[in-house]
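Undergrad: Letter by letter, the sequence shown follows residues -27 to -1, 1 to 342 of mature numbering (1 follows the signal peptide of the UniProt record, and there is no 0). Here's a structure for you.
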Amino acid sequence: MRSIRNVLAASAVAAVGLALLPAPASAATVVVSTVTDLTNAIKNATAGTVIQVRGGTYYPTATLQSTVNGTSGSPITLTAYGSESVKISGTSLPSGSWIFKLTADYWNVSNLTFQNSPDSAVVCQSCIGTTWNNIKTINGGDSGFTLTGDGTSNNTVKNIDSYGNYDAAEHGENADGIAVKFGSGTGNLITGARVYNNSDDGIDLWSFSSPVTIEHTWSFGNGKNRWSDSAFAGDGNGYKLGGDGETVAHVVNNSAAWDNTGNGFTENSNKGAIVINRTTAYANGNWGYYFATSAAKLGKNLAVGNGSGLVNKGSSVVSSGNNWDSGISTPSFVSTDATTTYNARSSSGTLPATTFLTTGSSTIGATMN
Ligand SMILES: [Ca+2]
Ligand SMILES: [Ca+2]
């Protein structure tokens, strides 16, 4: 027969466990609710560690970082606790700091907002096999999300929102929504991204020498002087697909660019066989598609209402089924009201439902989802 004392003790333990750890935690699971614990959990994580961050806003005073690898079978996980809302703010960091830096492989990072960074918000340097799911990088002092360095391979960036980034020191010249720059490595994928209202470009692949794949992405409103900067220098390309002498066959599928001040899609001096299919460029300041020197393969793309014209293509470009090609008609948009593109994402993290720039066509342009 159990004693009263043992029953009471067991009840007390159960009650404490219920209050602090609603889910049974494995030894490798760490639940954090203070910035000190968050900092240490990231610093001390090893393969298999799961870090769950309780809801709230965290103000680290030094860059959160790790150089410890997970493995493909036992990654390191950093995520919000349950469905709680977690924001990590850079306002207590020294000037010039990033909020989060990984020089590591096989981390899965999800459901976190990185905001108000003094410099770039998130930088993954020479990372292999990382996944980033439902991340926000917003209102920082340089590019929102960056992959960089040689040995950057097989990383997946899924359903990221990156907006409002502006580098005041360079008058907006550098802050992109997503930067995959200065490096190499294959198998990197950006999917479901929404990059907008950044001072420089939406997505920038400057000086990255291996092919990057982009799909189901929206890039809009980049390059506008939203900061009353009298020497504003943002470029405002939706998709800047090269630069610095690299010749590389990046791929963009089923994505859209609108209301950027520069070109919707541009080679940016990349002479490679860039592949662009089923995309839409609408109301960008310069060309819808600028591929003057590359050997790009442009297929089934739709350009409407861009300031300089639909396409600027050189003699090496292969162009087929686009609305500037002979015999191809331009379908009507169901809507040109972009309001719904700012809506919250679906519960699964996909882009919000919209009829903006949809046409119902099964043969040309982005499907906007
Ligand atoms: Ca620039
Ligand atoms: Ca840029």
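No residue lacks a Cβ here, since even glycine has one placed at the ideal position from N, Cα and C.
Between the alpha carbons of ALA222 and ASP10, how many angstroms are there, rounded?
TA: One C-alpha to the other measures close to 43 angstroms.
Undergrad: I'd like to confirm something about GLU240: is its beta-carbon nearer than 8 angstroms to some heavy atom of ligand 1, or not?
TA: No - ligand 1 has no heavy atom lying nearer than 8 angstroms to the Cβ of GLU240.
Undergrad: Considering only DSSP beta bridges, list what THR30 is partnered with.
TA: BP columns for THR30 point to LYS60.
Undergrad: Under 8 angstroms: do the stretch 194 to 203 and the stretch 167 to 177 share three or more Cβ pairs, one atom per stretch?
TA: With a cut-off of 8 angstroms, the stretch 167 to 177 and the stretch 194 to 203 count as touching, because enough Cβ pairs lie within range.
Undergrad: Between the stretch 65 to 80 and the stretch 88 to 100, can you find at least three pairs of beta-carbon atoms closer than 8 angstroms?
TA: Result yes; three or more Cβ-Cβ pairs closer than 8 angstroms.
Undergrad: Between which two residues does the alpha helix (DSSP H) carrying LYS16 extend?
TA: From DSSP, the alpha helix (DSSP H) with LYS16 extends over 8 to 17.
Undergrad: Quick check on TYR262: does DSSP put it in helix, strand or coil?
TA: Note: TYR262 maps to strand in three-state DSSP.
Undergrad: What are the uninterrupted segments assigned as beta strand (DSSP E) that are 3 or more residues long and contained completely in the stretch 100 to 174, given in chain order?
TA: Runs found: 104 to 111, 118 to 122, 129 to 131, 134 to 136, 151 to 156, 161 to 164, 167 to 169.
Undergrad: Report the residue from TRP105, SER135, CYS97, LEU85 whose alpha carbon sits nearest the alpha carbon of ILE111.
TA: That would be SER135, whose Cα lies nearest to the Cα of ILE111.
Undergrad: At a cut-off of 8 angstroms, is GLY137 close to ligand 1 when judged by its beta-carbon and the heavy atoms of the ligand?
TA: No, Cβ of GLY137 sits at least 8 angstroms from all heavy atoms of ligand 1.
Undergrad: Got a list of residues with beta-carbon closer than 7 angstroms to any non-hydrogen atom of ligand 2, in chain order?
TA: Going along the chain, the residues that qualify are ASN147, ASP149, ALA152, ASP173, ASP174, ASP177, TRP179, ASP208, LYS213.
Undergrad: In three-state terms, what does DSSP make of THR220?
TA: Three-state DSSP puts THR220 in coil, outside helix and strand.
Undergrad: Just the C-alpha distance for LYS74 and VAL82, rounded to the nearest angstrom, thanks.
TA: Going from the Cα of LYS74 to the Cα of VAL82 covers about 12 angstroms.
Undergrad: Comparing C-alpha positions only, which one of GLY245, LEU271, SER319 sits nearest to THR253?
TA: Out of GLY245, LEU271, SER319, LEU271 has the C-alpha closest to the C-alpha of THR253.
Undergrad: Could you check the C-alpha separation between ARG27 and VAL3 for me, to the nearest Å?
TA: C-alpha separation (whole angstroms): 11 angstroms.
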